[in-house]
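K.L.:
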Amino acid sequence: MIQGLVLVILISIPLVALGIVTYLYFLERKRSQKIMENLEKVNFKPIENKISKLVEEENKYFKKMFELEMLLENYRKATWIIGEKVDELETKFNGLENLPKDYERTYRDVVRKILEMDNKFTDKFNMLGEAFLKLKDEKK
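Heads up, the sequence shown stops at 152 in the numbering used here, and the numbers go up one at a time, no gaps.
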């Protein structure tokens, strides 16, 4: 009789443990199903819209930066060309002596105009650089 009782106890302990593990498994499964149902109810559309707007804004920013870089490069080229022309005119002017006063004045006027244009290009170049930096700061 004691052996039968010991045998019943030995068999029932693993069965009770198995029952507890099965109960805990189904509780966890039920909890997981509720979490999944709640996740399915969440509306992610506003987040998707916000992300799309941020991507569009970033694309606009990069497009504007590219345009500014192209303008900056064009101004660099123009400044370089004007600088070379000024150097060329100065060397010609230094080589010319004993010209009539009218030619000398005209030549000086041309050189002055070219230097004024060079100053304007330099100013525009500086303004473009400042706009580029401001756009970069606004992006941050």
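Backbone N, C-alpha and C fix where the C-beta goes; we use that ideal spot for every residue, glycine too. These numbers were taken from a predicted model, which means no experiment stands behind them.
Determine the direct distance from the alpha carbon of residue 76 to that of residue 134, and round the result to whole angstroms.
P.N.:
Walking along the sequence shown from the start, residue 134 turns up at place 122. Walking along the sequence shown from the start, residue 76 turns up at place 64. Each residue's Cα considered, the two are about 21 Å apart.
K.L.:
For the putative contact between residue 151 and residue 73, defined by C-beta atoms under 8 Å, what is the C-beta separation to the nearest angstrom?
P.N.:
Position 139 of the sequence shown holds residue 151. Position 61 of the sequence shown holds residue 73. Residue 151 to residue 73, Cβ: 5 Å. Contact.
K.L.:
Report yes if the C-beta distance between residue 101 and residue 144 is below 8 Å; otherwise report no.
P.N.:
Counted from its first residue, the sequence shown places residue 101 at position 89. Counted from its first residue, the sequence shown places residue 144 at position 132. Not a contact, by the Cβ cut-off of 8 Å.
K.L.:
Alpha carbon to alpha carbon, what distance is there between residue 33 and residue 25?
P.N.:
Reading the sequence shown from its first residue, position 13 is the one you call residue 25. Reading the sequence shown from its first residue, position 21 is the one you call residue 33. Distance between the alpha carbons of residue 25 and residue 33 is about 12 Å.
K.L.:
Could you pull the start and end residues of the alpha helix (DSSP H) that residue 48 belongs to?
P.N.:
Taking the sequence shown and counting its residues from 1, the one referred to as residue 48 is at position 36. 14 to 53 is the extent of the alpha helix (DSSP H) around residue 48.
K.L.:
For residue 74, which of helix, strand or coil comes out of DSSP?
P.N.:
In the sequence shown, residue 74 corresponds to position 62, counting from 1. Note: residue 74 maps to helix in three-state DSSP.
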